[in-house]
Amino acid sequence: AYKNWVKKFGEEQVLPTLDLTNDQLFFVGFAQVWCSVRTSESSHEGLITDPHSPSRFRVIGSVSNSKEFSQHFQCPSGSLMNPEHKCEVW
1 AYKNWVKKFG EEQVLPTLDL TNDQLFFVGF AQVWCSVRTS ESSHEGLITD
51 PHSPSRFRVI GSVSNSKEFS QHFQCPSGSL MNPEHKCEVW
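Numbering (full-length UniProt numbering), first residue to last: 1 to 90.
Shown next as structure tokens:
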């Protein structure tokens, strides 16, 4: 989606105070969608009642299976965020 947006509108300027590329900021933005603060009681209740993975693992699971993420953040091959075997859907 982001690459299509860049093709249509062109590259955006890099934010001067952040040491992140626009590609890296795309992944940061994705992670922020799932950002939340929960009490331990709320987390426990969520594990029991919510059929979905906790937010943290939704982010880690998604980006650790993304070749683009590991390229843009230069994650070492075989590391937690760049496993050797990835689950690719598309």
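The C-beta atom is built at its ideal place from N, Cα and C for all residues, glycine as well.
Query	Result
If you run the structure through DSSP and keep just helix, strand and coil, what is serine 79?	strand
Can you tell which of Lys86, Trp34, Pro16 has the C-alpha that lies nearest to the C-alpha of glutamate 68?	Lys86
Should serine 43 be labelled buried (16 or more other beta-carbon atoms within 10 Å of its own) or exposed?	exposed
Three or more C-beta pairs under 8 Å: does that hold for the stretch 46 to 53 against the stretch 26 to 36?	no
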